[in-house]
Each structure stands twice: as structure tokens, then as C-alpha cells.
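Residue numbers (my numbering): -14 to 252. Taking it in order: structure first as C-alpha cells, then the write-up.
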């Protein structure tokens, strides 16, 4: 597994809205020499550049890759978020599952410039690319900064029925609805990693590389105007990448897991 930083410029692409509204996103792979190196399971941090607003740049989301890069065109689900003059006709892209979003940002560019070990990251020295592969040392340090001191690794110490609050409304450019990474981990502890719609098991198909790999679907959407306490046992379900994308394919008609099962049974 490798760790990456993918950059987006809010002057050309509405990074905040895209991260807030979508559980599965796609991101451009502009550095073509990386195409063969990106794999499902890679950790990808999303970096929003300053975009003309000095001091606002930094890491705003943590995601995990659930595809290899592939070619798409401007008809994909991101097109509405591009400014008119910057919609590419065709480009390599990769699918990412959004694990956690903090548009503050949680890890600020200005702070990284003062960091003893991270100040030499390429994105700080040469911030013109879209895709950056970061070293294991930098990845470990960045994860510590992103997780922060409040993250509890011992899931057994948390009562499942209480869950964690998600959907907290934040003000920045637009609005942000937080997704709690602990809820995701707890849901996997409870439900396992087999798709609840089609019973696909990544480990059975891909072996060790697929162990513990699955996406987590929010039964109740976070696009609301108040905080919501999420119960990992009743509000979150594991889905494979295909089923998850089919559920969300039409934002105006998001399917339930049961509706998707009926489609699969009737095919």
C-alpha cells in the first residue's frame, strides 16, 4: 500500500462541495508516470490549494483508492463542479472512497512549512502537480497530524450503541459535513467486509491484498442541516465498489440496499 496526496485548485474546481456531497469521488491522474503504481487500498489525502485565498491551503480529506486509474471524459459526475474554462475533455482518473473530511483544513499548508520533517515534501517545494507519491516516513507523520490526539485506536473502549456524531455543519467557503472515521471502523468490526447487497468478498477474490477492504455506505445521507448521531450497527452497511456506485448513480434517486438487491435478483 502506498500513500498519495492529490491536489485540487478551488479556483478551477469546487473541491469543498464535491467532498461534502459524494461518498465516492473520482480524481484526475495527471502525472502519467504514476498510473501503473496506483492500486486499490492506497491511502490518498486530498489537498486543497490556496486558490487565491492565502493561508487556506492544506489537507482537507482522507480517502482510500478503490480502483486502478482509468480513462473517463467530462460527462462523469464531477463535471458540474468544474469552472467552465477548465473542464478537461478526457483524462485518467481513479475512484476514491471518502473516509474523513475537514475543510478547516485540519492540516494547514502554513503549518507544514514549519514542520521539521514534512517541510521538504514535494507539494510544498513544487506545488504545480496534481498527484504526489509520498514516502513511508512522510505518510506516517501526515497520518499522525490528520488523526490528531483525539483519535482512539482501541475500538473496544467505545460503546457501539452511542456511535459518533456526523454531519456537523462547518462554515468555510461553503459548508462541510464531517464523516467520522471511527464510525467506519466500528461498522466493519460489526458487519464484516462482505458486501451486503451482492455478497462480494474482496479477500476471497484477491487474496491477502483484498483483506479488510470494503466501502461503507451511509443509509441516512449526511446532506442535512443538523448534526446526526450515527449508529454503526444500524446506520452503516458494507458495500462493494460496484454496488456502492450503483446506489448513488442518480443523486436524485439514491437506492436503498433492499432496492439494489431486488435489481440484482431480477436481472
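C-beta atoms are modelled at their ideal positions from N, C-alpha and C, and glycine is treated no differently.
Query - 6 angstroms CB neighbourhood of residue 94 in its chain, flanking five on each side removed - result: Sequence index remark: in the chain shown, residue 94 carries index 109 (1-based). Around residue 94: 42 and 43.
Report task. Go to residue 189, then tell me how far its beta strand (DSSP E) extends in each direction, as first and last residue. Result -> Residue mapping note: residue 189 aligns to position 204 of the chain shown, counting from 1. First-last for residue 189: 187 to 191, but that is the alpha helix (DSSP H), not the beta strand (DSSP E).
Query - Residue range of the unbroken alpha helix (DSSP H) whose run includes residue 131 - result: As a position in the chain shown, residue 131 is number 146, starting the count at 1. From DSSP, the alpha helix (DSSP H) with residue 131 extends over 121 to 132.
Query raised in the report: By Cβ distance below 8 angstroms, which residues in the same chain neighbour residue 56 in space, the five residues on each side in sequence not counted?
Result: Position 71 of the chain shown, counted from the start, is the residue given in the question as residue 56. So the list reads 75, 76, 77 and 78, once near-sequence residues are dropped.
**Report entry** Separation of residue 243 from residue 109, as counted between CA atoms
**Finding:** Translated into positions along the chain shown, residue 109 becomes position 124. Translated into positions along the chain shown, residue 243 becomes position 258. One Cα belongs to residue 109, the other to residue 243, and the distance between them is close to 46 angstroms.
Query raised in the report: Can you tell me whether residue 241 is buried or exposed, with buried defined as 16 or more other CB within 10 angstroms of its CB?
Result: Indexing the chain shown from 1 puts residue 241 at position 256. The residue is exposed, with fewer than 16 neighbouring Cβ atoms inside 10 Å.
**Report entry** 7 angstroms Cβ shell around residue 182 - same chain, five flanking residues per side excluded
**Finding:** If you number the chain shown from 1, residue 182 lands on position 197. Here the set comprises 224, 228, 242, 245, 246 and 249.
Query - Expected contact under 8 angstroms - CB spacing of residue 84 and residue 196 to nearest Å - result: On the chain shown, position 99 is the one that residue 84 refers to. On the chain shown, position 211 is the one that residue 196 refers to. Not confirmed; about 18 angstroms, so no contact.
Query raised in the report: Among -12, 92 and 81, which one has its Cα closest to the Cα of residue 201?
Result: To locate residue 201, count along the chain shown from 1; it is residue 216. In terms of CA proximity to residue 201, 81 leads the group -12, 92 and 81.
Query - Cβ neighbour criterion (16 or more within 10 Å) applied to residue 190 - result: Walking along the chain shown from the start, residue 190 turns up at place 205. When all chains shown are included, residue 190 counts as exposed.
Report task. Alpha carbon to alpha carbon, how far is residue 107 from residue 146? Give it in angstroms, no decimals. Result -> Here residue 146 refers to the residue found at position 161 of the chain shown. Here residue 107 refers to the residue found at position 122 of the chain shown. Here residue 146 scores only 43 on pLDDT, less than 50, and its place in the model should not be relied on; the value that follows carries that caveat. The alpha-carbon atoms of residue 146 and residue 107 are separated by roughly 43 angstroms.
Report task. Jot down the residue ranges of each uninterrupted beta strand (DSSP E) in the region 4 to 69, minimum 3 residues, whole runs only, in chain order. Result -> 9 to 13, 28 to 33, 43 to 50 and 55 to 58
Query raised in the report: Pick from -1, 49 and 22: whose alpha carbon is nearest that of residue 35?
Result: For the purposes of this step, residue 35 is taken as the residue at position 50 of the chain shown. The candidate whose alpha carbon is nearest that of residue 35 is -1.
Query raised in the report: My guess is that residue -11 and residue 20 are in contact by the Cβ rule of under 8 angstroms, so how many angstroms apart are they, rounded?
Result: Your numbering for residue -11 matches position 4 in the chain shown. Your numbering for residue 20 matches position 35 in the chain shown. At roughly 12 angstroms, the Cβ-Cβ gap does not stay under 8 angstroms, so residue -11 and residue 20 are not in contact.
Requested in this report: Mind checking who residue 93 pairs with in its DSSP beta bridge?
Outcome: For the purposes of this step, residue 93 is taken as residue 108 along the chain shown, with counting starting at 1. According to DSSP, residue 93 bridges with 43.
**Report entry** Limits of the unbroken alpha helix (DSSP H) element including residue 248
**Finding:** Here residue 248 refers to the residue found at position 263 when the chain shown is read from its first residue. Where residue 248 is concerned, the enclosing alpha helix (DSSP H) stretches over 242 to 250.
Report task. Mark residue 234 as exposed unless 16 or more other C-beta atoms lie within 10 angstroms of its C-beta, in which case mark it buried. Result -> Position 249 of the chain shown, counted from the start, is the residue given in the question as residue 234. Answer is exposed; the Cβ neighbour count stays below 16.
Query raised in the report: What do you get for residue 46, buried or exposed, if any count of 16 or more other CB atoms within 10 angstroms of its CB means buried?
Result: As a first step, residue 46 must be located in the chain shown, where it is residue number 61. With 16 or more other Cβ atoms within 10 Å, it is buried.
Requested in this report: Determine the extent of the alpha helix (DSSP H) in which residue 226 is found, giving its start and end residues.
Outcome: Mapped onto the chain shown, residue 226 falls at position 241. Residues 226 to 232.
**Report entry** Expected contact under 8 angstroms - CB spacing of residue 27 and residue -13 to nearest Å
**Finding:** Indexing the chain shown from 1 puts residue 27 at position 42. Indexing the chain shown from 1 puts residue -13 at position 2. Contact holds; Cβ gap of about 5 angstroms.
Query raised in the report: If residue 92 sits next to residue 130, beta carbons under 8 angstroms apart, how far is it from one beta carbon to the other, in whole angstroms?
Result: The count along the chain shown starts at 1 and reaches residue 92 at position 107. The count along the chain shown starts at 1 and reaches residue 130 at position 145. Yes, they are in contact, since the Cβ atoms of residue 92 and residue 130 sit about 5 angstroms apart, within 8 angstroms.
Requested in this report: Would you kindly report the start and end of the unbroken alpha helix (DSSP H) that includes residue 108?
Outcome: The count along the chain shown starts at 1 and reaches residue 108 at position 123. 107 to 110 is the span of the alpha helix (DSSP H), which, as asked, contains residue 108.
**Report entry** Selection from 128, 174 and 33 that minimises the alpha carbon distance to residue 1
**Finding:** Residue 1 sits at position 16 when you count from the first residue of the chain shown. Ranking the options by Cα distance to residue 1, first place goes to 33.
Query raised in the report: When the Cα atoms are used, what is the spatial distance from residue 119 to residue 89?
Result: Working through the chain shown from its first residue, we reach residue 119 at position 134. Working through the chain shown from its first residue, we reach residue 89 at position 104. The C-alpha of residue 89 is placed about 22 angstroms away from the C-alpha of residue 119.
Report task. Determine the contact status of residue 114 and residue 16, defining contact as a CB-CB distance below 7 angstroms. Result -> If you number the chain shown from 1, residue 114 lands on position 129. If you number the chain shown from 1, residue 16 lands on position 31. For residue 114 and residue 16, yes; Cβs fall inside 7 angstroms.
Query raised in the report: Does the Cβ-Cβ distance between residue 48 and residue -3 come in under 7 angstroms?
Result: Start at 1 with the first residue of the chain shown, and residue 48 comes out as number 63. Start at 1 with the first residue of the chain shown, and residue -3 comes out as number 12. At least 7 angstroms separates the beta-carbon of residue 48 from that of residue -3.
Requested in this report: Can you tell me which of -5, 53, 66 and 239 puts its alpha carbon nearest to the alpha carbon of residue 39?
Outcome: The residue given as residue 39 occupies position 54 in the chain shown. Ranked by Cα distance from residue 39, the options -5, 53, 66 and 239 are led by -5.
Query raised in the report: For the candidate residues 203, 215, 31 and 217, whose alpha-carbon lies nearest to that of residue 239?
Result: Locating residue 239 in the chain shown gives position 254, counting from the first residue. It is 203 whose Cα lies nearest to the Cα of residue 239.
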